[in-house]
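Presented below is the structure to which this report refers.
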Amino acid sequence: MLSILVWIPIAAALVIGLLPHSKAALPRWIALGATGFVFVWSVVLAIQFDELTVNTQFQELLPWIESLGLSYQLGLDGLSLPLVIINGLLTWMAVYSSDKTIQRPRLYYILILVLNSGVAGAFLAQNLLLFFLFYELELIPLYFLIAIWGGSRRGYAATKFLIYTALSGVLILAGFLGAVWLSHANSFDYADINTQLLPVTSQLILLGLIIVGFGIKIPLVPFHTWLPDAHVEASTPISVLLAGVLLKLGTYGLLRFGLQLFSESWSLLAPYLAIWAVVSVLYGAFTAIAQSDMKKMVAYSSIGHMGYILLAAAAATPLSILGAMFQMVSHGLISAMLFLLVGVVYQKTGTRDIDVLRGLLNPERGLPLVGTLMVTGVMASAGIPGMMGFISEFLIFRGSFAVFPVQTLGSMIGTGLTAVYFLLLVNRTFFGRLPEQFSNLPSVSWTERLPAFVLAILIVFLGIQPNWMVRWSETTTTALLSPEAAIATAPPNAAQSPHDLEAATNLNRPAVSANML
Amino acid sequence: MIGRTTTTSHPLADIITRLEQGGALLPDSPENVMEVVGILKSYGYVLDAYWRNLIYISEDQFLVLFPFFKYFNGEVSWNKLLRHWWHDRINYEFSEYCMKAMFYHGGGKLDAFLDTAEFVELAQQAIAARLKGNLFMQTLSNTFPGFLLEQVRQMVYYSALGQFWRVMSPMFLTLSDRYDRGEIPTIPDVVSHVLNGLVEAANKPITYAVQIGDRRYPIVPESVGATFLMDAAVPYVEAVFFRSFPFMGTVSYNAQAGQIPPDIERFAYGALYADPLPIGGAGIPPTLLMQDMRHFLPDYMHLLYQRSPRGEADLRVRICASFQKSMFCVTTAAMLGLMPYPPDTTDPDQQAQNRVYLENWMYRFIDSRLPSVQSCEI
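So the protein sequences, as listed, match chains A and B. Each residue of the first sequence is one higher than the one before, starting from 1325 at the first, in our numbering. Each residue of the second sequence is one higher than the one before, starting from 6 at the first, in our numbering.
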């Protein structure tokens, strides 16, 4: 069942590749159909998903290169399910929002479909090498999507992205290889690896490689500089995918391979990670305040918001991890919405400069509904109650405060700063008198508004009723930290000393349950 | 036209020159003519509804403490009430805003008369007759003797504006008919039509009386000498076109920061200054009038508006811009009608005095929308 998520986009890409050049409109329809099907299929999986089960579900196992320990093993748990769903949804929206008259449509949609497949595969993989293959697979289409259809500095941005993320891949691969070889695991399957038997120094080195590797992808300060460039130069649909889905590969990897595989050494690094999180949050927020490009502002906002996830992961309480999970989805939807809206503003006005734009909320000649949606989006991003952003930030702060009170308070300042820079954006761009140069803007059609509108509904709905999403992940995120989970991830014949288990769970966890939601 | 040797250094010198040469504040072009006549046609229909309601209120809602049905013109029915709540109606509130602007800024013999003892006496007679048998209202009136008197003054302005628009409405509709017959090819012809209409009605008396029981009580008798042009049209133009008041809207004003002039003579919030873009913005909220006018637009105006980038999605902005153009034509007519000497005079002294007169007007237009309407787009 899970292979459908991986192979349907590839099959669609192949079909598009075989189409004659004369069928210019067909690739878009095929891409829409394939990504739409993938999204619907992920929803079907969610309906059939048993949220009370700790183990991965819908498992598929196909031996591949056994001598390397590589197998085609897919599975779905509460950590990957929400990300698989937003991958399907946002890819469909990216295809839908793409310019119908885009140059070289066949290649464009093929690359998006391959990207979708790679991301889905990475979230579903249950084998380290398979994960790495999918992780690397998504780099190539993304590089071309920026380099071919990007802005004026697309070559620079794409190359920078490639260098950074290739380095990220190298570090992650080194971490994976070290973890498997040093722990003498039989294969790269997640269940075969037990790093707790390794010396602490080895664990710390391997964990460090993985954290930095995924830290580049997230991205965490100071490995973030590729992101604003990539966002600014990428077209709107690609920015949506970049912020909404691809950054989540980094945070997903951090939880899956950092926290889950190296639970013992994780607790040693956690205080430093929490400080790192605060630095990322505050740096992202302060830098966002200084921006005049709307897209850069949203991009730096992403850096800040990803910091919350690091804080939650560092605290490693059931509530904070649940919050991290919710924040991944919340940020995915909110940032996708903001990028879509910035894209509409740019398309209609020809600029993203908040020092030039003004009065776009004008009901007759401006972009009133786009402005309304933008206000909704920035409210959600700033953590206003009643929206997803509030739930995720509340869970993270509530879950992290008992472990890292100072760092949590520091991160909470970032929430306030989010309101500052987004209010600056909204105030300058949408309020006041529409300048003469923008007094004859073309109108925005409903097809252009639809994706952001749907996202706004989801953001508000899941802000009011978060349990609809939380219930999928709560069991998994709790098990991620529990002794039972450690046993589950250890090989059956591995020695389990009480000391190991104690170390793995030796974190001060507040007695707060996600059920309070 | 008469040759003139001197040119003015006024910032709006081009427009002054155009006026001296027989032109108007608005440049002459076939599209401008069509736009102005078309919008004045719809305005004529709306004014017809407005003046009937203003006269109805002044005569039939005289001192009604809670005039719930003042917009119903005496025809109260469930059907009409439901349509009113559904907002399928004329926005009579707009005419009241205009009335209040006139009442606030005053001017002319009518305004002066309302402060005389004669008016107080006449008004008190009507008040006494109206309150006969109504102990509550009598007590209220005795406790606050100025209250009902002020209400009567307001009723006078309801009536005065109603009488003014009663003349203007058919004038605009006739203009449209003449345009349809090909008799109005240029903007100066539009101005000429309005000017002739104003001159023709200039000396019509403005009076006010109410019927209470079997007796008719005069409140502004003909002997006051209030006339259409000087005591209704000119105060109207001054109050509604030029001054009006800072109205709450997209543009906000801070009186403490000196953004509102302390003396109302320097107010510049009128229709000629209103920004068409922030609908509901400064001045009398134009939205209400625009909403009403859109129901009566001739077909050629729809076709004109459909050519804009937003089609008719920004119809109210387009109507507002057209309306301002038309009001500059009406203002031209008023200016020419009040000019000290005929525009085509050959006497250099008279020409000089006309020049000074026009320059003084133009100084008031510097911050208005006049420079903007010189081009076709807002």
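Heads up, the beta-carbon is just placed ideally off N, CA and C, and yes, glycines get one too.
Contact set for residue i: own chain, Cβ-Cβ below 7 Å, skip 5 residues either direction
{"i": "F74(B)", "result": "V81"}
{"i": "L1376(A)", "result": "T1799"}
{"i": "P1775(A)", "result": "M1417, Y1420, S1421, L1664"}
{"i": "Y310(B)", "result": "E317, L320, R323"}
{"i": "I269(B)", "result": "H110, R248"}
{"i": "F1468(A)", "result": "L1435"}
Rounded distance between the beta-carbons of residue j and residue i, thought under 8 Å
{"i": "S1421(A)", "j": "L1664(A)", "result": "6 Å"}
{"i": "N58(B)", "j": "S14(B)", "result": "In fact, because the Cβ distance is near 47 Å, the residues do not count as touching under 8 Å."}
{"i": "D33(B)", "j": "I192(B)", "result": "4 Å"}
{"i": "A1660(A)", "j": "L1414(A)", "result": "5 Å"}
{"i": "D1679(A)", "j": "S1616(A)", "result": "5 Å"}
{"i": "A1355(A)", "j": "L1437(A)", "result": "6 Å"}
{"i": "A134(B)", "j": "I217(B)", "result": "4 Å"}
{"i": "A131(B)", "j": "Y222(B)", "result": "4 Å"}
{"i": "L1407(A)", "j": "Y1576(A)", "result": "6 Å"}
Start and end residues, alpha helix (DSSP H) containing residue i
{"i": "F169(B)", "result": "150-185"}
{"i": "Y50(B)", "result": "35-65"}
{"i": "E98(B)", "result": "97-110"}
{"i": "L1664(A)", "result": "1642-1673"}
{"i": "Y1514(A)", "result": "Premise fails: Y1514(A) is in no alpha helix (DSSP H) and is neither H nor E."}
{"i": "F77(B)", "result": "Premise fails: F77(B) is in no alpha helix (DSSP H) and is neither H nor E."}
{"i": "D319(B)", "result": "Unbroken run through D319(B): none, as it is neither H nor E."}
{"i": "D19(B)", "result": "18-25"}
{"i": "K114(B)", "result": "113-118"}
{"i": "D1553(A)", "result": "1550-1557"}
{"i": "N1751(A)", "result": "1729-1754"}
{"i": "N1411(A)", "result": "1405-1421"}
{"i": "A1780(A)", "result": "1770-1788"}
{"i": "H1345(A)", "result": "Here H1345(A) belongs to no alpha helix (DSSP H), and DSSP marks it neither H nor E."}
{"i": "Q1584(A)", "result": "Careful: Q1584(A) lies outside any alpha helix (DSSP H) and carries neither H nor E."}
Residue range of the unbroken beta strand (DSSP E) whose run includes residue i
{"i": "I437(B)", "result": "This structure leaves residue 437(B) out entirely; chain B is present only between 6 and 383."}
Secondary structure of residue i, DSSP reduced to three states
{"i": "V1545(A)", "result": "coil"}
{"i": "T1611(A)", "result": "helix"}
{"i": "P210(B)", "result": "strand"}
{"i": "I1534(A)", "result": "helix"}
{"i": "S1395(A)", "result": "strand"}
{"i": "T232(B)", "result": "strand"}
{"i": "P1333(A)", "result": "helix"}
{"i": "W1388(A)", "result": "strand"}
{"i": "Q329(B)", "result": "helix"}
{"i": "F301(B)", "result": "helix"}
{"i": "A1814(A)", "result": "Because A1814(A) sits at a pLDDT of 39, beneath the cut-off of 50, its placement in the model cannot be relied upon, and the point is left open."}
{"i": "D1617(A)", "result": "strand"}
{"i": "F250(B)", "result": "coil"}
{"i": "Q1820(A)", "result": "Interpretation of Q1820(A) is limited by its pLDDT of 37, a score under 50 that renders its predicted location unreliable; no figure is taken from the coordinates."}
{"i": "I1426(A)", "result": "coil"}
{"i": "N365(B)", "result": "helix"}
{"i": "N1451(A)", "result": "strand"}
{"i": "E382(B)", "result": "Because the pLDDT of E382(B) is 49, which lies under 50, any placement of that residue in the model is unreliable, and the number read from its coordinates should be weighed accordingly. In this structure, E382(B) counts as coil in the three-state DSSP scheme."}
{"i": "V1339(A)", "result": "helix"}
{"i": "F1382(A)", "result": "strand"}
Cβ-based neighbour list, residue i, same chain, cut-off 6 Å, excluding 5 preceding and 5 following
{"i": "L1453(A)", "result": "L1394, F1512"}
{"i": "D1401(A)", "result": "T1380, T1800"}
{"i": "M306(B)", "result": "G43"}
{"i": "Y1514(A)", "result": "Q1450"}
Own chain residues within Cβ distance below 8 Å of residue i, not counting five before or after
{"i": "A276(B)", "result": "V245, F246, S249, G288, I289, P291, F328, Q329, M332"}
{"i": "H1345(A)", "result": "R1430"}
{"i": "F1456(A)", "result": "G1493, I1496, L1497, F1500"}
Short CB-CB distance (under 7 Å) between residue i and chain E
{"i": "P251(B)", "result": "Judged by its chain identifiers, the structure shown contains no chain E, and its protein chains are A and B."}
Inspect the CB distances between the region 1704-1718 of chain A and the region 1573-1588 of chain A and report whether three or more fall short of 8 Å. no
Count the C-beta pairs between the region 1473-1485 of chain A and the region 1552-1563 of chain A that are closer than 8 Å, then say yes if the count reaches three, no if not. yes
Tell me whether the region 1542-1549 of chain A and the region 1590-1605 of chain A touch, counting them as touching only if at least three CB pairs, one residue from each stretch, are closer than 8 Å. yes
Okay, do the region 1738-1752 of chain A and the region 1699-1707 of chain A touch, 3+ Cβ pairs below 8 Å being the bar? yes
Flag this pair as touching only if the region 157-166 of chain B and the region 100-114 of chain B have three or more C-beta atom pairs under 8 Å; answer yes or no. yes
Do the region 62-71 of chain B and the region 227-247 of chain B touch if we need at least three Cβ pairs shorter than 8 Å? no
Kindly confirm or deny that the region 1364-1374 of chain A and the region 1456-1470 of chain A touch, where touching means at least three C-beta pairs closer than 8 Å. no
Taking contact to mean at least 3 C-beta pairs separated by less than 8 Å, is the region 1646-1657 of chain A in contact with the region 1673-1688 of chain A? no
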